[in-house]
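Chains A and B are the protein sequences, given in the same order. Position 302, counted from 1, in the first sequence is what the numbering used here calls 302; the numbers after and before it change by one each time, with no gaps. If you want the numbering used here, it's the position in the second sequence, counting the first as 1, plus 1000.
2 protein chains.
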Amino acid sequence: MTSFKLTDELLARIAQLIENQKDSALVSLLEEVHYADVAEIANELKVDEATYLIKLLDSDKTSDVLTELDEDVREAILSNLSTKEIAEELEELDTDDAADIIAELPDEIVQEVISEIEDKEHAKDIVDLLRYDEDSAGGLMAKELVKVKENWNVLTCVKEMRSQAENVTRVHSIYVVDDEEKLIGRLSLKDLLTTSTTSPIRDVYIPKVDSVNVNEDPEEVAKIMSKYDLEAIPVVDEIGRLVGRITIDDIVDVIKEEADKDYQLAAGISQDVEADDSVWELTRARLPWLILGLFGGLGAAAIMGGFEEMISKHAILFFFTPLIAAMAGNVGVQSSAIIVQGLANDDLKGSVGNRLIKEMLLALLNGLILAAILLLFTWFWKGDFLTALAISISLIAVIIVAGFIGTFTPLFLDKRGIDPAIATGPFITTSNDIFGILIYFWIAKLVLGI
Amino acid sequence: MTSFKLTDELLARIAQLIENQKDSALVSLLEEVHYADVAEIANELKVDEATYLIKLLDSDKTSDVLTELDEDVREAILSNLSTKEIAEELEELDTDDAADIIAELPDEIVQEVISEIEDKEHAKDIVDLLRYDEDSAGGLMAKELVKVKENWNVLTCVKEMRSQAENVTRVHSIYVVDDEEKLIGRLSLKDLLTTSTTSPIRDVYIPKVDSVNVNEDPEEVAKIMSKYDLEAIPVVDEIGRLVGRITIDDIVDVIKEEADKDYQLAAGISQDVEADDSVWELTRARLPWLILGLFGGLGAAAIMGGFEEMISKHAILFFFTPLIAAMAGNVGVQSSAIIVQGLANDDLKGSVGNRLIKEMLLALLNGLILAAILLLFTWFWKGDFLTALAISISLIAVIIVAGFIGTFTPLFLDKRGIDPAIATGPFITTSNDIFGILIYFWIAKLVLGI
Chain A
1 MTSFKLTDEL
11 LARIAQLIEN
21 QKDSALVSLL
31 EEVHYADVAE
41 IANELKVDEA
51 TYLIKLLDSD
61 KTSDVLTELD
71 EDVREAILSN
81 LSTKEIAEEL
91 EELDTDDAAD
101 IIAELPDEIV
111 QEVISEIEDK
121 EHAKDIVDLL
131 RYDEDSAGGL
141 MAKELVKVKE
151 NWNVLTCVKE
161 MRSQAENVTR
171 VHSIYVVDDE
181 EKLIGRLSLK
191 DLLTTSTTSP
201 IRDVYIPKVD
211 SVNVNEDPEE
221 VAKIMSKYDL
231 EAIPVVDEIG
241 RLVGRITIDD
251 IVDVIKEEAD
261 KDYQLAAGIS
271 QDVEADDSVW
281 ELTRARLPWL
291 ILGLFGGLGA
301 AAIMGGFEEM
311 ISKHAILFFF
321 TPLIAAMAGN
331 VGVQSSAIIV
341 QGLANDDLKG
351 SVGNRLIKEM
361 LLALLNGLIL
371 AAILLLFTWF
381 WKGDFLTALA
391 ISISLIAVII
401 VAGFIGTFTP
411 LFLDKRGIDP
421 AIATGPFITT
431 SNDIFGILIY
441 FWIAKLVLGI
Chain B
1001 MTSFKLTDEL
1011 LARIAQLIEN
1021 QKDSALVSLL
1031 EEVHYADVAE
1041 IANELKVDEA
1051 TYLIKLLDSD
1061 KTSDVLTELD
1071 EDVREAILSN
1081 LSTKEIAEEL
1091 EELDTDDAAD
1101 IIAELPDEIV
1111 QEVISEIEDK
1121 EHAKDIVDLL
1131 RYDEDSAGGL
1141 MAKELVKVKE
1151 NWNVLTCVKE
1161 MRSQAENVTR
1171 VHSIYVVDDE
1181 EKLIGRLSLK
1191 DLLTTSTTSP
1201 IRDVYIPKVD
1211 SVNVNEDPEE
1221 VAKIMSKYDL
1231 EAIPVVDEIG
1241 RLVGRITIDD
1251 IVDVIKEEAD
1261 KDYQLAAGIS
1271 QDVEADDSVW
1281 ELTRARLPWL
1291 ILGLFGGLGA
1301 AAIMGGFEEM
1311 ISKHAILFFF
1321 TPLIAAMAGN
1331 VGVQSSAIIV
1341 QGLANDDLKG
1351 SVGNRLIKEM
1361 LLALLNGLIL
1371 AAILLLFTWF
1381 WKGDFLTALA
1391 ISISLIAVII
1401 VAGFIGTFTP
1411 LFLDKRGIDP
1421 AIATGPFITT
1431 SNDIFGILIY
1441 FWIAKLVLGI
């Protein structure tokens, strides 16, 4: 049943209907289509075609469509709507989505748009949310929730819930607050369904309720909700008052964005880009780390130039520099990936010192195995045992140092409050290349007695 | 309120209490502790201590604790329980979690454990679930759900729901089926709360309901639930009969595991390991790709050896091989990461051909900028313009080829049904190293007329 597929034919047909302004045909075609799918369609249309669609369809559908659009498409469409039209969309949205959209609008029109929102309570809630840092629980939460006071009787409760629940898309728990709006417990819908409703709230509610502080880091919220299998979590301010609620669908988005960001960092892409972004945007995101890599390579070249006198008698050493650099890079990337993931999943136990020792042992073991393979091949290929030995010993040393750097750097950054995911990818490979080549030639010099 | 922190003191205290068999102290200490936190504690205890705890606490708590344990800890604890004790735990679990645990048990005892489950309906449901492929919607789903028949009157409905909902931890929607158990619609709890209950089901339910097929890929299910902001999705078999339900908490786990797996693949780690695994397990996961990298390096060394005659007059070329190899690797990793992410998020539109052309343009642009920087530095450093030019032109060519390989390979794998995430990390860097060095010397030879 969930089988919406955006085919080229469908897209062409919709574009055609828009061009010929066949409004009723469009409305009936898209009537049963989920807003996320309408957003997919709008992402593919030209901006003016998408704007036409947004203006044509009802606000209660198009508002959700707007939240699902790619950011640049949304920006383009909003710039084609009047402040009144934008306000109408915001009217239909949950406060968290409305706040997100307002945050994207140009400053000059924000005041006007807000003033055009007819539901003043709704406007007030949105404005409250705008105060919070985007990158916090407050920035994620919505004001829509169902709450009851502990000193109410059940009849008042049920009536209250019926009217509050009108605006709340998903009711998971009904939150219980005291007279000062402080969160003190919860009631589940299931309880209501399966318990007789003649008891006073005070006797029925569960006084234990998980919550997060309004200043909490979104990744922390995601960890908590994932760990305790929660679908929604209330948000409280510094005094403990219930100020909002975060639902699992927003957290799923946080988890995916975080994973995408870490993955891109590990590949040396410095900002959030997609495959379909323009060549210019992609260049801006990719070039910085490439330039870093370039300078790393220049550094390596300079180091090798410093050992130039070895070339005539020991040319073979230079043939193995890519191998040494590559192994240093690979080991470093592996080590840092495991640490970064461990930090993200809160899986790391034990002291940093122990971890480094473990990594060195691991590197030693792997290094010995790899060096043995290398020794055999090199000796076989060139026949000079001492040189093969020099290269193999260097490999072990390089691997140990690379493993150390790869393990230590993200831990170090994390302790300093810097995102450890930066210490992956090109950062690690470039620094390990330089260290690796330095160590390599130094050891080769030692072993070969030059 | 959600501030459980596993301190060393707490852990030591619990271990102490276990050693002295202070049962009532342990029970009261852990009474209010969430099962996910108890699991965190158990992960840190010695196996016999953890087993003691599991046997001591009530099954309705320890069953959930078991599902949250690290896999190897769970395996160790289960091996210390009798089949009757295991069956008692399974009795308390939702069918999907019970099936997962049975799947982990040694084959010899599965039959016995199942026979010891007292609730025969529960046992039947678990056995049904065991038939499905682990890596499918059927393998993810649970049998616990609330369903009503369309031809029931409302009174029967409400009574039925009250009794069914006893076993269901989270009720999102009540599913409506026809006489043949085929899924035809749903009712939301919110509707029940806000609508009068005197209407017949047939008039009240929503005939539109998203569902997935029992054979669907878990990543596809995750995409659907994330796209449509669903918290639970019913699962139907090939005939359309309602056979189970997948809840968002399981999907959150799927998303995180998938992200972790892709991240590790990109770092050249071949199986699911954590930072705290043994040195041996980590070696097994990391060594394969390292060996691949080693052979790649040997290949590069052999290629360079083939150009040995250039060394005396053009030693500088060999100083730049790590730079060329590193740039090839970096560009390749960036390109493949963007494609792999695009494939995972279903963000890729347009033909493969167009994408490759776009990547080449991007590579050309980036290559020109980087080559210009390189040219200036090299010329400045060594004063030989022609050599600097040769190296810079090679860099452009290498970057274009690396970008091509990095873009093409994951697309190619994906079209063949192979996980494109394999074409990241060491796979890309190693192959790009070899191609890069080959192209480099070949172009250098051309430009310098050797």
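Idealized CB from N, CA, C, for every residue including glycine.
Expected contact under 8 Å - CB spacing of residue i and residue j to nearest Å
i: R1286 of chain B; j: I1269 of chain B; result: 6 Å
i: V1065 of chain B; j: A1042 of chain B; result: 6 Å
i: T1387 of chain B; j: I1316 of chain B; result: 6 Å
i: L1370 of chain B; j: L1395 of chain B; result: 6 Å
i: A137 of chain A; j: V221 of chain A; result: 5 Å
i: R245 of chain A; j: M141 of chain A; result: 6 Å
i: E1085 of chain B; j: D1060 of chain B; result: Not a contact, Cβ separation roughly 14 Å.
i: E1088 of chain B; j: A1036 of chain B; result: About 21 Å; that fails the 8 Å criterion.
Rounded straight-line distance, which links the Cα of residue j to that of residue i
i: V447 of chain A; j: D1384 of chain B; result: 33 Å
i: V1158 of chain B; j: L130 of chain A; result: 42 Å
i: A1275 of chain B; j: D346 of chain A; result: 10 Å
i: V1146 of chain B; j: I1201 of chain B; result: 14 Å
i: V1339 of chain B; j: Q341 of chain A; result: For the record, residue 1339 of chain B in the displayed sequence is Ile; it is not Val. Spanning the two alpha carbons is a distance of roughly 22 Å.
i: M1 of chain A; j: V1214 of chain B; result: Residue placement at M1 of chain A is flagged as unreliable, the pLDDT there being 44, under the threshold of 50; a coordinate-derived value is accordingly withheld.
i: G293 of chain A; j: F1427 of chain B; result: 19 Å
i: G1332 of chain B; j: L183 of chain A; result: 52 Å
i: V1110 of chain B; j: D1072 of chain B; result: 18 Å
i: P218 of chain A; j: V254 of chain A; result: 7 Å
i: V1243 of chain B; j: E31 of chain A; result: 29 Å
i: D1008 of chain B; j: I1018 of chain B; result: 15 Å
i: S115 of chain A; j: A123 of chain A; result: 8 Å
i: N167 of chain A; j: L1029 of chain B; result: 41 Å
i: L411 of chain A; j: T424 of chain A; result: 12 Å
i: A1325 of chain B; j: I1434 of chain B; result: 8 Å
i: V352 of chain A; j: A259 of chain A; result: 24 Å
Residues near residue i in its chain [Cβ-Cβ closer than 8 Å; skip 5 each side]
i: I1224 of chain B; result: D1210, V1212, L1230 and I1233
i: M1327 of chain B; result: L1370, L1395, V1398, I1399, A1402 and G1436
i: I248 of chain A; result: M225, L230, E231 and A232
i: A25 of chain A; result: L17
i: E104 of chain A; result: E71, R74, E75 and L78
Reference residue i; option with closest CA among the options
i: L364 of chain A; options: A:L348, A:I393, A:F380 and A:G350; result: A:I393
i: L6 of chain A; options: A:L45, A:Y205 and A:K349; result: A:L45
i: D1048 of chain B; options: B:Q1021, B:S1063, B:V1033 and B:H1034; result: B:Q1021
i: F404 of chain A; options: A:L361, A:G296, A:W152 and A:V33; result: A:L361
i: L53 of chain A; options: A:D249, A:T321, A:L11 and A:T83; result: A:L11
i: D1277 of chain B; options: A:L348, A:L376, A:W280 and A:V235; result: A:L348
i: I1439 of chain B; options: B:L1265, B:T1321 and B:L1343; result: B:T1321
i: P106 of chain A; options: A:S82, A:I117 and A:E88; result: A:S82
i: R241 of chain A; options: A:E181, A:D203, A:F4 and A:D250; result: A:E181
Bridge partner(s) assigned by DSSP for residue i
i: P1234 of chain B; result: B:R1245
i: R13 of chain A; result: For R13 of chain A, which the question treats as bridged, DSSP gives no partner whatsoever.
i: Y175 of chain A; result: A:K147 and A:R186
i: N1213 of chain B; result: B:V1236
i: I206 of chain A; result: A:R186
i: A142 of chain A; result: A:R245
Cut-off 7 Å between Cβ atoms - residues of its own chain near residue i, not counting five sequence neighbours on either side
i: F1307 of chain B; result: F1441
i: L1298 of chain B; result: none
i: D1135 of chain B; result: P1218
i: A390 of chain A; result: I443, A444, V447 and L448
i: N1432 of chain B; result: A1328, G1329, G1332, A1402 and I1405
i: A1165 of chain B; result: V1146 and V1171
i: T1062 of chain B; result: I1054 and E1089
i: L1265 of chain B; result: A1421, I1422, T1424 and G1425
i: E112 of chain A; result: T83
Sequence-distant residues of its chain with Cβ nearer than 6 Å to residue i (five each side left out)
i: D125 of chain A; result: T95 and K143
i: W1379 of chain B; result: F1385 and A1388
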